[in-house]
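Novice: Numbering (the working numbering), first residue to last: 2 to 420.
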Ligand code: MEV
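#1: Any heavy atom of the ligand MEV inside 7 Å of the beta-carbon of residue 273?
#2: Would you kindly work out how many angstroms separate the C-alpha atoms of residue 256 and residue 361, rounded to a whole number?
#3: If you draw a straight line from the alpha carbon of residue 66 to that of residue 131, how long is it in whole angstroms?
#4: Cβ of residue 150 within 8 Å of Cβ of residue 182?
#5: Would you check if the segment 141-149 and the segment 183-193 touch, i.e. whether three or more CB-CB distances between them fall below 8 Å?
#6: Using a strict less-than 6 Å threshold between each residue's beta carbon and the heavy atoms of the ligand MEV, what residues do you get?
#7: How would you label residue 261, buried or exposed, when you count the other beta carbons within 10 angstroms and need 16 or more for buried?
#8: With DSSP as the reference, label residue 26 as helix, strand or coil.
#9: Of the residues 326, 269 and 372, which one's Cα is nearest the Cα of residue 43?
#10: What is the rounded straight-line gap between the Cα of residue 214 and the Cα of residue 322?
#11: What residues in its chain sit with their C-beta under 7 Å from that of residue 23, if we drop five residues either side in the sequence?
#12: Count the CB pairs spanning the segment 277-287 and the segment 314-321 that are closer than 8 Å, and state whether there are at least three.
#13: For residue 123, which of 157, 138, 83 and 171 has the nearest alpha-carbon?
#14: So, does the segment 76-89 touch the segment 159-179, judging by three or more C-beta pairs under 8 Å?
#15: Is it buried or exposed for residue 347, if we count other Cβ within 10 angstroms and need 16 for buried?
#16: Could you tell me the distance, in whole angstroms, from the CA atom of residue 366 to the CA atom of residue 332?
#17: What separation, rounded to the nearest whole angstrom, lies between the Cα atoms of residue 297 and residue 270?
#18: Which of the three DSSP states is assigned to residue 158 in this structure?
#19: How would you write the range of the beta strand (DSSP E) that residue 219 sits in, first residue to last?
#20: Please go through the segment 221-270 and give each complete beta strand (DSSP E) segment of 3 or more residues, from N-terminal end onward.
#21: At which residues does the alpha helix (DSSP H) containing residue 94 begin and terminate?
#22: Using 8 Å for Cβ pairs, my map puts residue 85 next to residue 383. What's the rounded Cβ distance?
#23: Measure the C-alpha to C-alpha separation of residue 9 and residue 117 and round it to an integer number of angstroms.
#24: Can you give, in chain order, each stretch of the alpha helix (DSSP H) that sits fully within the segment 101-184 and has at least 4 residues?
#25: Measure the Cβ-Cβ separation of residue 431 and residue 7 and say whether it is below 8 Å.
#26: Could you please give the first and the last residue of the uninterrupted alpha helix (DSSP H) stretch that includes residue 199?
#27: Assuming residue 356 is part of the alpha helix (DSSP H), what are its boundary residues?
#28: Let's test the definition: count the other Cβ atoms within 10 Å of the Cβ of residue 82 and tell me whether it reaches 16, buried, or not, exposed.
#29: Per DSSP, residue 80 is paired with what?
#30: Of the choices 119, 105, 107 and 179, whose alpha-carbon is the least far from that of residue 140?
#31: Looking only at its chain, what residues have a beta carbon closer than 7 Å to the beta carbon of residue 305, apart from the 5 residues adjacent to it on each side?
#32: Between which two residues does the alpha helix (DSSP H) holding residue 325 run?
#33: Identify, in the order they occur along the chain, each residue of the same chain with its Cβ nearer than 6 Å to the Cβ of residue 55, setting aside the five sequence neighbours on each side.
#34: Using a Cβ-Cβ distance under 8 Å, would residue 194 count as near chain D?
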């Protein structure tokens, strides 16, 4: 099976869902066992080696968003999130985007930015020109820290300098641009920054203080676009309303934060499943939302000449497929296999498309029925399933709970008894 648009995936039993995913991603029996194990994937021993003062592990739901077609390839997107409706919303967005060919996504090369803060510089122009003259030596020293990157023709590539005016005086900031390939790159970036700092002190006569990666990964931008067919969206009036919903977010910070939170629902859930550093992703995305000097919508929505809805999402996104917890956490490793990812860039494309799909569904719901209707229906469906209803009984129980405005597990059980 290569088609990710699996009909009524949510109504299937856990076993059927797992079989479908296993079939799609060619999971082994061992991998299926890990997914079914119910311990969230890591033992206490592993947890104890990952963080300090460990006392246990903490698991969250892992679900699969279906129907993603990204750059012509089908994906099932694993998502780790505690909030109901998010996975359904991502799948719905992906399903509608599919009508017009899915998501088109492009990602920059994986350039990480490292920063070295230089204090006590007396002559800034001289220091900067000396750094420029020593570029090759600095890059060589940085690259001596990673044989792996150097062998691949990657590694530190460029150096930039900027002067910063601060209340305590002027400081020189040196930025190292590093092609980190398929890694997220935090470690190698920090190592290179620390390694070059004695040389920077020697060249500038200054004193280096901070030597650290910048999580504002503006050299790792990802841009996703999708056309949402006007009929599938619900007609041109709905398209117009979605554009108005976007304009609200783009011009009002109170709305923009919530709108972007919806995007992050998709991005972070997909990133968590793939074992990525979600704090880095959030911090960068929020800064990018304010890049114009005003906090705005991260996505853009407009109507094309045929009346279809066009959505675009551009974010800085630093993710990796080598190193990090993606290679340690057994469930994250399986999620990577389900994604069928071959590069960090590909992972970035999938995560960004998930954010756009999520945003579509949220603002579509908000500009039509409101968010609660679908949310309550899903909640009711989950309760009916939890009460033990079969696939054929679920719809009837859900309908009755909604009509009677009593959505609870007890009510679902009572209705099931009546059937
Ligand atoms: C809820 O987690 C996310 C939404 O509030 C996003 C939005 O308002 O666009 C529904």
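Every residue, glycine too, gets a C-beta built ideally from N, C-alpha and C.
Specialist: Checking against the coordinates, here is how it stands:
#1: Here the question's residue 273 lines up with position 272 in the chain shown. No.
#2: Taking the chain shown and counting its residues from 1, the one referred to as residue 256 is at position 255. Taking the chain shown and counting its residues from 1, the one referred to as residue 361 is at position 360. For residue 256 and residue 361, the distance between alpha carbons rounds to 15 Å.
#3: For the purposes of this step, residue 66 is identified with residue 65 of the chain shown, where counting begins at 1. For the purposes of this step, residue 131 is identified with residue 130 of the chain shown, where counting begins at 1. Taking the straight line joining both Cα atoms gives about 53 Å.
#4: Looking up residue 150 in the chain shown gives position 149. Looking up residue 182 in the chain shown gives position 181. The answer is yes: Cβ separation under 8 Å.
#5: yes
#6: 84, 259, 260, 262, 263, 266, 363, 364, 367 and 372
#7: Locating residue 261 in the chain shown gives position 260, where the first residue counts as 1. Looking at its Cβ environment, which holds 16 or more other Cβ atoms inside 10 Å, residue 261 is buried.
#8: Along the chain shown, read from residue 1 onward, the residue named residue 26 stands at position 25. Here residue 26 sits in helix by DSSP.
#9: Within the chain shown, residue 43 is the residue found at index 42, counting from 1. Ranking the options by Cα distance to residue 43, first place goes to 326.
#10: Taking the chain shown and counting its residues from 1, one reaches residue 214 at position 213. Taking the chain shown and counting its residues from 1, one reaches residue 322 at position 321. Their Cα atoms are separated by approximately 18 Å.
#11: Numbered from its first residue, the chain shown carries residue 23 at position 22. Same-chain partners within the cutoff: 33.
#12: yes
#13: Position 122 of the chain shown holds residue 123. If we check each option's Cα against that of residue 123, 171 comes out closest.
#14: no
#15: If you number the chain shown from 1, residue 347 lands on position 346. Per the 10 Å Cβ criterion, buried.
#16: Residue numbering aside, residue 366 sits at position 365 when the chain shown is read from its first letter. Residue numbering aside, residue 332 sits at position 331 when the chain shown is read from its first letter. Roughly 32 Å separates the two Cα atoms.
#17: Working through the chain shown from its first residue, we reach residue 297 at position 296. Working through the chain shown from its first residue, we reach residue 270 at position 269. Distance between the alpha carbons of residue 297 and residue 270 is about 22 Å.
#18: Counting from one through the chain shown, the residue named residue 158 turns up at place 157. Strand, per DSSP.
#19: Indexing the chain shown from 1 puts residue 219 at position 218. First-last for residue 219: undefined, no H or E at that position.
#20: 222-229
#21: Translated into the one-based positions of the chain shown, residue 94 becomes position 93. Run containing residue 94: 87-100, per the alpha helix (DSSP H) assignment.
#22: Reading the chain shown from its first residue, position 84 is the one you call residue 85. Reading the chain shown from its first residue, position 382 is the one you call residue 383. So it is a contact: roughly 7 Å between Cβ atoms.
#23: As a position in the chain shown, residue 9 is number 8, starting the count at 1. As a position in the chain shown, residue 117 is number 116, starting the count at 1. Going by the C-alpha atoms only, they are around 52 Å apart.
#24: 125-134, 136-144 and 148-152
#25: With the chain covering only 2 through 420, there is no way to say anything about residue 431.
#26: In the chain shown, the residue the question calls residue 199 occupies position 198. Residues 187-205.
#27: As a working mapping, residue 356 is identified with position 355 in the chain shown. Note, residue 356: alpha helix (DSSP H), 345-367.
#28: Reading the chain shown from its first residue, position 81 is the one you call residue 82. That one is buried.
#29: Looking up residue 80 in the chain shown gives position 79. DSSP, once it has assigned bridges, lists 64 as partnering residue 80.
#30: Counting from one through the chain shown, the residue named residue 140 turns up at place 139. If we check each option's Cα against that of residue 140, 179 comes out closest.
#31: The residue you call residue 305 lines up with position 304 of the chain shown. Only 228 and 311 meet the Cβ criterion.
#32: On the chain shown, position 324 is the one that residue 325 refers to. Note, residue 325: premise wrong, no alpha helix (DSSP H); not H, not E.
#33: Your numbering for residue 55 matches position 54 in the chain shown. Taken in chain order, the residues that qualify are 48 and 49.
#34: The structure shown has no chain D; it contains just one protein chain.
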